[in-house]
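Asks: My questions all concern the structure below.
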Amino acid sequence: MSHAVRVRLAVLALGFVALAGAKPQCPPPEPGTIRTTDRGPVEGLRYHDTDAYLGIPYAAPPVGDLRWRPPEDVTPWTEPLATKDFKSVCPQPTKEIFAGPEARGEDCLYLNVWTPADPPAEPLPVMLWLHGGSNVSGSASFLAYDGRPLSEAGDVVVVTINYRLGSLGFMAHEALSAESPDGVSGNYGLLDQIAALQWVQRNAAAFGGDPNQVTLFGESAGGTDTCVLLTSPLAAGLFDRAIVQSGRCGTKSLAAAEADGAKLADAMGCTGAPDVATCMRAVSQEDLMAVQRAFRGGFAPAVDGHIVPMAVRDAFEAGAQHPVPVIMGGNRDEEQLFLPVLPDLGRSSYEAFVEERYGDLGPEAVEGILALYPWEDFWDPREAAVTLTTDEGWRCPLRRNLRALVATHAAPVYRYEFTRVLDTPILRDLGAFHGLEIFFVFDTLGIIPLPYTRNNPTNEALIEAMQGYWTRFAHTGDPNGGGAVAWPAYAA
C-alpha cells in the first residue's frame, strides 16, 4: 500500500481508530441466551433486544500441520463456551486500521452472530458478511461491521467472519498442490468462507435463522470473493442471494499463483529444502509476515479448476453461476483513496499523470484517453484522474460483469451506484470513496466522531433506505417494497 493511500486512510481513521475493535457501543450488556451449536453450547451477551455471540469457532485452528490445508472441523465441547469477545485477527503484514486491535494469530477462524433476543415467530433470513482488504488485511471485528443495528432494523440474523488472508489464505505452490488430493493449492481463504457458510447451514436454526434464506454479501475483496463463490461448485446450495459491493470479481491463473508462491517460498529460504511444504510450515508467523511485507504481488483467488473452475466473467458468460438473485454495484469515487496527490497545475499535472499511468499502452492510447477525459471537463486534475481511474478499474468492469451475468442469469439482478458525500471538512474532498457505503448498510456512521455524520437527516434517510433495500432483499430476493423508491431489475 502506497504512502499516499496510508495518509488518506489515516485521515479517514481520525477519531475512530481507537474504537475499531471495541464491542458494540451500548449500555452494559447482560448475559445472552445460551444456544446450542452442533459442536457445543455458546453463551453471548444481550444488548437491548439483540443477542451477540462474538468469537464462535467455525473451524479448527489452521496451525502447525493444518497451515495451508482446507479447514477441518472444530473439536466439540460440552460446557457453555463464553463468546463475549472478538478473537484473534488473521495474520496480516501491517496494522491496518480496519483490522481491529485484537492480537494477530493463525488461530483466527471465528465468526460473530447478532440475532433478536426473543424467539421469532418464523425463522429469520441470515446475512453473512465477508470483509474487504485485498484478501490481505481486515477482520470481522472492525466496529463498522457491528451487526446489531442491521439485525434490529431488518429483522435478520447477521454473521461476520474471519478468513485466512494473504500468504496464509491465498498462496499456491507446487509442493502444496502435490500433497492435495485435488491437486490444487491456494484459495484457502475461500475454503474458510465455504466452511462458514456450511456452519450457517448446520446452525442457523439455533440462532433463530433460516438456512434456506442465506444472503452472502461482501465489499471490495469480500465482494470479489462473493462473485467467485457465485461460480464455485463447492458453494452450491449454501446461499440463496448475493450482494457484491465494490467487488472487481478478478482472479488469477493457478500457474501465476504458483509462480508467486515460488517467490514467497524462496524468500522463506525453503526452495532447496528436501520437503518444501514442511519447511514452509516451520516458518514462524512473524517471519512469514516479514516475507509477505516485502512481496509485491497480490492475492486474488486462483482459477484452479476445482474450487474456482473458471474466471468469474467467463463463468457468467457460460451461465455457470448459481441461479440466485444478485445486487451488484459500487461507489462513484472508488479511486479517491488510492490515487497520489496531484498538484493543481491544470493541464500539465493531469497529462503527466495519464502519461505515467498509461504510457506503456503507447502514445495513441494516451492521446485517446486525454480526448475521452479532457481536463477542461472537470473542476481540477484530481477530479479528472479519479473519474478516469474509477471508470477504468471499477465502473467499466462492473458493467461488463453485469452484462455477462444478466445475459445468462435465471434470477433477478439489481445494480446500484453509491454517490453520498460526507459533508465534513475532513471527508468532503474524498467524495463517495471506496468503502463508504458500509457505514450506511450497517448503520455505523456514528463511529466517525465528526460533525454532520450522525444526526444528519440526509444520512439518516439514506441509512434507513439502504438497510431497507438490503434486508428486504434478504427476506424475499427483491429489494423493493416498504414504500421505498422502486428499484427496477438491471437489463443490459
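Heads up: the sequence shown begins at 25 in the numbering used here, then just goes up one per residue. Every residue gets a Cβ at the ideal spot worked out from N, C-alpha and C, and that includes glycine. Fair warning: this is a prediction, and the values are worked out from it, not measured in the lab.
1. Given that a residue counts as buried once 16 or more other Cβ atoms are within 10 Å of its Cβ, and exposed if not, what is A498?
2. Go ahead and pull the three-state DSSP assignment for S256.
3. With DSSP as the reference, label V524 as helix, strand or coil.
4. Can you say whether H27 is buried or exposed, counting buried as having 16 or more other CB atoms within 10 angstroms of its CB?
5. Report, in whole angstroms, the separation of the C-beta atoms of A281 and A326, which I expect to be a contact under 8 Å.
6. To which residues does DSSP link Q309 through a beta bridge?
7. Going by DSSP, name the residue or residues bridged to G171.
8. Return helix, strand or coil for R427, following the three-state DSSP convention.
9. Grab the span of the alpha helix (DSSP H) containing R265 for me, first residue to last.
10. Got a sec? Which residues, its chain only, sit under 7 Å from T413 by beta carbon, not counting five neighbours each side?
11. Going by the beta-carbon positions, is the gap between S256 and I218 smaller than 9 Å?
12. Could you spell out the range, first to last residue, of the alpha helix (DSSP H) harbouring L361?
13. For a quick check, are the C-beta atoms of Y169 and I462 less than 9 Å apart?
14. Measuring CB to CB, does L288 end up less than 9 Å from S191?
15. Going along the chain, which unbroken runs of the beta strand (DSSP E) with 3 or more residues stay wholly within the region 401-486?
16. In this structure, does DSSP put W101 in helix, strand or coil?
17. Along the chain, where does the alpha helix (DSSP H) containing P387 start, and where does it finish?
18. Are there 16 or more other CB atoms within 10 angstroms of the CB of D467, so buried, or fewer, so exposed?
19. Going straight from the alpha carbon of P405 to that of N186, what length do you get?
20. Heavy atom of the ligand HEM less than 8 Å from the Cβ of P512, yes or no?
21. Under 9 Å, do E375 and L394 count as touching if we go by C-beta distance?
22. Taking buried to mean at least 16 other C-beta atoms within 10 Å of its own C-beta, is R337 buried or exposed?
23. May I ask you to list the residues that DSSP assigns as paired with W138?
24. Would the beta-carbon of R226 fall within 9 Å of that of T99?
25. Would you say P149 and G233 are within 9 Å of each other, going by their C-beta atoms?
26. I'd like the span of the beta strand (DSSP E) that includes E67, first residue to last.
27. What first and last residue would you give for the alpha helix (DSSP H) that runs through V332?
28. My output table needs one value for V15: the three-state DSSP class, helix, strand or coil.
29. Measure the beta-carbon distance from F231 to R70 and round it to whole angstroms, keeping in mind my assumption that it falls under 8 Å.
30. For a test of the three-state rule: what should DSSP assign to V113, helix, strand or coil?
31. Over what stretch of residues does the beta strand (DSSP E) that includes F241 continue unbroken?
32. Got a sec, what are the start and stop residues for the beta strand (DSSP E) V350 sits in?
33. Output the distance between the C-alpha atoms of H433 and Q309, rounded to the nearest integer angstrom.
34. In whole angstroms, give me the CA-to-CA distance for D357 and R419.
35. Can you list, in chain order, the residues of its chain with a C-beta nearer than 6 Å to that of L422? Leave out the 5 residues immediately preceding and following it.
36. By the three-class DSSP mapping on this structure, what secondary structure does W153 have?
Replies: Reading it off the structure:
1. buried
2. coil
3. Residue 524 is absent from the structure shown; the chain starts at 25 and stops at 516.
4. Legend: pLDDT at H27 = 41, less than 50; position of this residue unreliable, value from coordinates given subsequently. H27 should be labelled exposed.
5. 4 Å
6. In DSSP, Q309 forms no bridge with anything.
7. In the DSSP output, where bridge partners are listed per residue, G171 has none listed.
8. helix
9. Here R265 belongs to no alpha helix (DSSP H); instead the beta strand (DSSP E) covers 265-269.
10. E359, L363
11. yes
12. Premise fails: L361 is in no alpha helix (DSSP H) and is neither H nor E.
13. yes
14. yes
15. 437-442
16. coil
17. 387-396
18. buried
19. 39 Å
20. Absent from the structure shown: the ligand HEM. Ligands present: none.
21. yes
22. buried
23. A76, V182
24. no
25. yes
26. 65-71
27. V332 -> no alpha helix (DSSP H), and no H or E assigned at all.
28. Nothing can be reported for residue 15: it is not among the residues displayed for the chain, which extend from 25 to 516.
29. About 13 Å separates the two Cβ atoms, so there is no contact after all.
30. strand
31. 233-243
32. 350-355
33. 43 Å
34. 10 Å
35. G354
36. strand
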